[in-house]
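Just below is one structure, and these are the notes that go with it.
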Amino acid sequence: MTIDLLMTPGALFLALLGGILPATFWLWFWLKEDRLHPEPRGLLILSFLVGMIAAALAFPLESSVYDLARNTYHLADGDYRILFLWAVTEELLKFVGIYVVALRTKYFDEPIDAVIYFITIALGFAALENAMFLFNPLGQGDTLSAITLSNLRFIGATLLHVAASGLVGIAFALTFYQRRTVRLTAVCVALLGAFALHTLFNFSIIASEGTLLYEVFIVLWILIIGILLICEKIKRLALRSHVEHPHTGIVISIPPKNISL
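The sequence shown begins at 99 in this note's numbering and counts up one residue at a time.
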């Protein structure tokens, strides 16, 4: 089979299915964190689709970064500076996408929403990115390699995107009721952490020649568990923002001030 088979409808469908299904499972898992006040389904779908669009935009941007680094600055393949710029590109695309689509709407009205929206766009990004990695083996008829690669992406790269975007979502959530300067500082620090995490993950994959190191897998799961635990604290923040009127007994909500950056 030739490389032309990469673009056949069958290969395209299977690749998209292999990328989207695992991401959909993870999305279902994380949406359970916001069962009391679920976000509008349409906005969640839009956030997921924007994540896929961000992944599509990332590919040509990262190719341009690579060409510039190789041809102008003569950096070697796998140079940490190239990996860092790739990480910045992907994380900023996800951040800008979800900020424009969800964080400036009236539905972003409680702390846990930040985590949900950031993870939703991250999973949309991972879905298309995973599908793109499956095009080549599926197009060449190598189903076994495609299955193996899908599993690797499922437990590796998908966890990375959830952890990196989850860090930024948590920074938004924990400073939801704080002053804008406090929130901006926290989000910037979280973004730097996401850049570093993403860079280290890419570097470890290259250093291990494409395999997922056991140590990296453990670190990612520790981060995911930490995000889940912090989500419980974040949900209590939302509960404390709803107070009972001393005379009527009616529960009222205290709206945040200046949610946007």
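Built from N, CA and C at the ideal position, the CB exists for glycine as well.
CB of residue i within 8 Å of CB of residue j, strictly
| i | j | result |
| --- | --- | --- |
| Ala154 | Leu226 | yes |
| Phe299 | Val285 | no |
| Val199 | Ser145 | yes |
| Leu335 | Pro209 | yes |
| Leu272 | Ile332 | yes |
| Tyr205 | Leu147 | no |
| Tyr215 | Leu232 | no |
| Cys370 | Glu131 | Beyond the ends of the chain as shown, which are 99 and 359, falls residue 370; an answer cannot be given. |
| Ile219 | Gly149 | yes |
Buried/exposed call for residue i, threshold 16 Cβ in 10 Å
| i | result |
| --- | --- |
| Ile217 | buried |
| Ser248 | Its pLDDT being 47, under 50, Ser248 is placed unreliably by the model, and the measurement read from it follows with that caveat. So Ser248 counts as buried. |
| Lys192 | buried |
| Ala305 | exposed |
| Trp126 | exposed |
| Ile118 | buried |
| Trp128 | buried |
| Leu290 | exposed |
| Ala229 | buried |
| Phe157 | exposed |
| Ala174 | exposed |
| Ile180 | buried |
| Leu166 | exposed |
| Trp124 | buried |
| Arg281 | buried |
| Ile303 | buried |
Cβ separation of residue i and residue j, assumed to be a contact under 8 Å, to the nearest whole Å
| i | j | result |
| --- | --- | --- |
| Thr187 | Leu159 | 5 Å |
| Val317 | Gly264 | Not really, about 14 Å apart at Cβ, beyond 8 Å. |
| Ala121 | Leu221 | 4 Å |
| Ala393 | Ala288 | Coverage of the chain is limited to positions 99 through 359, which leaves residue 393 absent and any answer about it impossible. |
| Arg278 | Leu359 | 7 Å |
| Phe274 | Tyr178 | The Cβ separation is near 34 Å, so there is no contact. |
| Ala185 | His296 | 3 Å |
| Ala261 | Leu321 | 4 Å |
Neighbour flag for residue i against chain C, beta carbons, 8 Å
| i | result |
| --- | --- |
| Cys286 | Within the model displayed, chain C is absent; a lone protein chain is all it includes. |
Under 8 Å, with one C-beta from each stretch per pair, do the stretch 260-279 and the stretch 322-337 reach the 3-pair mark? yes
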